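Undergrad:
Protein chains: 2
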Amino acid sequence: MQKVETTRHIVDPFHTDYKKQLSWETLGVDLLNAAENHAAIRGFGMKDVNDVNYTWVLARLVIELDVTPKVYQDYLIDTWVENVFSMFTNRDYAIHDGKGCVYGYARSVWSTINFETRKPVDLLEFHGPEFADYCAPELPCPIAPYTRIKPLAGAEIVKMHKVNYSDIDFNGHVNSMKYLLHLRDIFPLEQYRKQRLRRVELQYQKESYYGQFLQFFMKNETENVYDVEICRTDIQTDDKGEVCVRARLIFE
Amino acid sequence: MQKVETTRHIVDPFHTDYKKQLSWETLGVDLLNAAENHAAIRGFGMKDVNDVNYTWVLARLVIELDVTPKVYQDYLIDTWVENVFSMFTNRDYAIHDGKGCVYGYARSVWSTINFETRKPVDLLEFHGPEFADYCAPELPCPIAPYTRIKPLAGAEIVKMHKVNYSDIDFNGHVNSMKYLLHLRDIFPLEQYRKQRLRRVELQYQKESYYGQFLQFFMKNETENVYDVEICRTDIQTDDKGEVCVRARLIFE
Numbered sequence: 001m002q003k004v005e006t007t008r009h010i011v012d013p014f015h016t017d018y019k020k021q022l023s024w025e026t027l028g029v030d031l032l033n034a035a036e037n038h039a040a041i042r043g044f045g046m047k048d049v050n051d052v053n054y055t056w057v058l059a060r061l062v063i064e065l066d067v068t069p070k071v072y073q074d075y076l077i078d079t080w081v082e083n084v085f086s087m088f089t090n091r092d093y094a095i096h097d098g099k100g101c102v103y104g105y106a107r108s109v110w111s112t113i114n115f116e117t118r119k120p121v122d123l124l125e126f127h128g129p130e131f132a133d134y135c136a137p138e139l140p141c142p143i144a145p146y147t148r149i150k151p152l153a154g155a156e157i158v159k160m161h162k163v164n165y166s167d168i169d170f171n172g173h174v175n176s177m178k179y180l181l182h183l184r185d186i187f188p189l190e191q192y193r194k195q196r197l198r199r200v201e202l203q204y205q206k207e208s209y210y211g212q213f214l215q216f217f218m219k220n221e222t223e224n225v226y227d228v229e230i231c232r233t234d235i236q237t238d239d240k241g242e243v244c245v246r247a248r249l250i251f252e
Numbered sequence: 253m254q255k256v257e258t259t260r261h262i263v264d265p266f267h268t269d270y271k272k273q274l275s276w277e278t279l280g281v282d283l284l285n286a287a288e289n290h291a292a293i294r295g296f297g298m299k300d301v302n303d304v305n306y307t308w309v310l311a312r313l314v315i316e317l318d319v320t321p322k323v324y325q326d327y328l329i330d331t332w333v334e335n336v337f338s339m340f341t342n343r344d345y346a347i348h349d350g351k352g353c354v355y356g357y358a359r360s361v362w363s364t365i366n367f368e369t370r371k372p373v374d375l376l377e378f379h380g381p382e383f384a385d386y387c388a389p390e391l392p393c394p395i396a397p398y399t400r401i402k403p404l405a406g407a408e409i410v411k412m413h414k415v416n417y418s419d420i421d422f423n424g425h426v427n428s429m430k431y432l433l434h435l436r437d438i439f440p441l442e443q444y445r446k447q448r449l450r451r452v453e454l455q456y457q458k459e460s461y462y463g464q465f466l467q468f469f470m471k472n473e474t475e476n477v478y479d480v481e482i483c484r485t486d487i488q489t490d491d492k493g494e495v496c497v498r499a500r501l502i503f504e
């Protein structure tokens, strides 16, 4: 069986930002759905695991775009499984126009967890050893791997967000791309006028739920590099809660 | 030329809410893009008008769903122009599964405005008399027309939202579907557990911009019917600002 699946998209005007460029959240959701399409065809998609009370969750995501697709342009997403380690699997993506122009790449790490206990399973045991047959470590994904983003000391709280109905997905927790949306909204429109977001890294550490408060702590020690810790609390407070997500955004 | 265009969609898992049902904002954006697809094929799409410094804006939208599409289901959107009056054109939609099951319908009213002055043009004058040839008033759209939602007196402020980067679209104002997202987030998750949103009406009256504050005033005088006024202010205050959007949400 082929190892890569490709989904085809067009940058619709209503999926762009004010600069008529594809919004990163739309791209992010497209990456998730491209993963789902690839997995479903091979019998280990969301429906397959949900039916037996398990689910796929995203542990890490890096997206790096050298060029942001513009309105009315085509963009194709190629995705494949790079490799599998007991509890984690790496999935890579190439984002291109289908005619030789590569916009960028993405890397992700996924786990299968039990819907009730939220504990990860051994993937080859759970999905069967044939899961390894889909791996294509030989395919190139020429972007830097994840940075181990260190805990932030003395960072300032720059934003607070109460988790709403629309933040919650079918996994019952805040959707991974909603964190990206709220992260992007930390920055003023003026910043997007002058600069372009080039790379985003997200490390998902804990889930957050409806009604919780998300605190955004940020540090900007290197030019154009913003490290953010998103923490969750049950009450509205500036006292730092538990870290849910560590993120790095790099502008240029 | 045929008068109806159809776009085909699947309810991807990451475009659903926590109940694995298609999110209304995703459907709303799909309706906008279906309109754009229909118009672009006929030479009066967003690009055609943007190129000469005009743009299309939505004045009214009603969506009514008897059945909310569920994850992995197909949904097709048929759209056509119902009629045109000097400054306004009515566009209708049918949302169905392509096999005889109708999920619901939608009605919308659009204007073409000058990008700088924000003033609407006479549509037949601007787009040419052939615009009228695309009208199909004979096609059925069996949902109640717009309610003239009256100004709310003595309504309570239930929410305030500062307009962020992600709220702004290529027209430089808060995107019409972002109002719908923020409206839906007024209601607690518990309400969606017990009830289903059946009908939404939106009357867009004024634009709102980056950095402004949106105030949400709400009244619930009839069971399951919620009227909301969204007002804009330049500063954070409970004093009522100018009305941008009047909305009605009907649950069942």
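Line by line, the protein sequences are chains A and B.
Its first residue numbered 1, the first sequence is counted upward by one per residue in the numbering used here.
Its first residue numbered 253, the second sequence is counted upward by one per residue in the numbering used here.
We put the beta carbon where it would ideally sit given N, CA and C, even for glycine.
All values derive from a computational prediction rather than experimental measurement.
Taking 8 Å as the threshold (beta carbon to beta carbon), is Glu288 (chain B) in contact with chain A?
TA: So yes, Glu288 (chain B) belongs to the interface.
Undergrad: How about Ile395 (chain B) and Tyr357 (chain B): are their beta carbons less than 8 Å apart?
TA: Taking 8 Å as the Cβ cut-off, Ile395 (chain B) and Tyr357 (chain B) qualify as a contacting pair.
Undergrad: So, are the CB atoms of Ile315 (chain B) and Gly350 (chain B) less than 8 Å apart?
TA: No. Outside cutoff.
Undergrad: Here's the rule I'm using: 16 or more other beta-carbon atoms within 10 Å means buried, otherwise exposed. How should Arg498 (chain B) be labelled?
TA: Buried, since its Cβ has 16 or more Cβ neighbours within 10 Å.
Undergrad: So Gln455 (chain B) is in the beta strand (DSSP E); what residue range does that whole segment cover?
TA: Gln455 (chain B) -> beta strand (DSSP E) spans Leu449 to Tyr456.
Undergrad: For His161 (chain A), which beta-bridge partners are listed by DSSP?
TA: For His161 (chain A), which the question treats as bridged, DSSP gives the partners A:Leu214.
Undergrad: Roughly how many whole angstroms lie between the Cα atoms of Tyr444 (chain B) and Glu377 (chain B)?
TA: Going by the C-alpha atoms only, they are around 46 Å apart.
Undergrad: The beta strand (DSSP E) spanning Tyr206 (chain B) covers which residue range?
TA: The displayed coordinates of chain B run from 253 to 504. Any statement about residue 206 (chain B) would go beyond what the structure contains.
Undergrad: By the criterion of Cβ-Cβ separation under 8 Å, what are the contact partners of Asn224 (chain A) in chain B?
TA: Those do not exist, as Asn224 (chain A) stays about 17 Å from chain B at its closest Cβ, beyond 8 Å.
Undergrad: Going along the chain, which residues of the segment 304 to 329 of chain B sit with their C-beta nearer than 9 Å to a C-beta in chain A?
TA: So the close ones are Val323 and Tyr324.
Undergrad: Give every residue of the same chain whose Cβ lies closer than 6 Å to the Cβ of Arg260 (chain B), excluding the five residues on either side of it in the sequence, and list them in chain order.
TA: Same-chain partners within the cutoff: Leu328.
Undergrad: Applying a beta-carbon distance threshold of less than 7 Å, which residues of chain A neighbour Val301 (chain B)?
TA: The premise fails here: Val301 (chain B) is roughly 11 Å from chain A at the closest Cβ pair, so nothing lies under 7 Å.
Undergrad: Specify, as a first and last residue, the run of the alpha helix (DSSP H) that Ala292 (chain B) falls within.
TA: Looking at the DSSP string, the run of the alpha helix (DSSP H) that includes Ala292 (chain B) is Trp276 to Ile293.
Undergrad: Leu310 (chain B) to Val333 (chain B), Cα distance in whole Å?
TA: Straight-line Cα distance between these residues: approximately 14 Å.
Undergrad: How would you label Cys231 (chain A), buried or exposed, when you count the other beta carbons within 10 angstroms and need 16 or more for buried?
TA: It is buried - the Cβ of Cys231 (chain A) has at least 16 other Cβ atoms within 10 Å.
Undergrad: Pair every Cβ in the segment 411 to 424 of chain B with every Cβ in the segment 452 to 470 of chain B, then say whether three or more of these pairs are closer than 8 Å.
TA: In short, these stretches touch, since the Cβ pair count reaches three.
Undergrad: If I'm right that Val435 (chain B) touches Leu501 (chain B) with Cβ under 8 Å, what's the distance once you round it to whole angstroms?
TA: It is worth fixing the name first, because residue 435 (chain B) is Leu in this sequence and not Val. Indeed they touch by this definition, with Cβ atoms about 6 Å apart.
Undergrad: Since His15 (chain A) meets chain B, which of its residues come closer than 8 Å, beta carbon to beta carbon?
TA: Within chain B, the residues near His15 (chain A) are Val281 and Asn285.
Undergrad: For Thr131 (chain A), collect the residues of the same chain with a Cβ closer than 7 Å to its Cβ; drop the 5 residues on either side in sequence, then sort them by chain order.
TA: Per the sequence shown, residue 131 (chain A) should be read as Phe rather than Thr. Within the same chain, Phe131 (chain A) has close Cβ partners Phe44, Val84, Leu123 and Leu124.
Undergrad: Applying a beta-carbon distance threshold of less than 7 Å, which residues of chain A neighbour Met298 (chain B)?
TA: Ordered by position in chain A, the residues that pass the 7 Å Cβ test against Met298 (chain B) are Pro13.
Undergrad: Would you mind working out which of A:Ala40, A:Tyr93, A:Ile10 and A:Glu190 sits nearest Val71 (chain A), comparing C-alpha positions?
TA: Checking every option, the nearest Cα to that of Val71 (chain A) belongs to A:Ile10.
Undergrad: Give the interface partners of Lys272 (chain B) over in chain A, defined as CB-CB distance under 8 Å, in chain order.
TA: By Cβ distance, chain A contributes Phe170.
Undergrad: Check this for me: beta carbons of Lys255 (chain B) and Tyr345 (chain B), under 8 Å apart or not?
TA: Contact flag unset, no.
Undergrad: Output, in chain order, the set of chain B residues within a Cβ distance shorter than 7 Å of Ser208 (chain A).
TA: Those within 7 Å of Ser208 (chain A) in chain B number zero; the least Cβ separation is about 13 Å.
Undergrad: Have a look at B:Met412, B:Asn342 and B:Gly352 and flag the residue whose alpha-carbon is nearest the alpha-carbon of Pro389 (chain B).
TA: Out of B:Met412, B:Asn342 and B:Gly352, B:Asn342 has the C-alpha closest to the C-alpha of Pro389 (chain B).
Undergrad: Taking its Cβ as the centre, do 16 or more other Cβ atoms sit within 10 Å of Thr489 (chain B), making it buried, or is it exposed?
TA: It counts as exposed.
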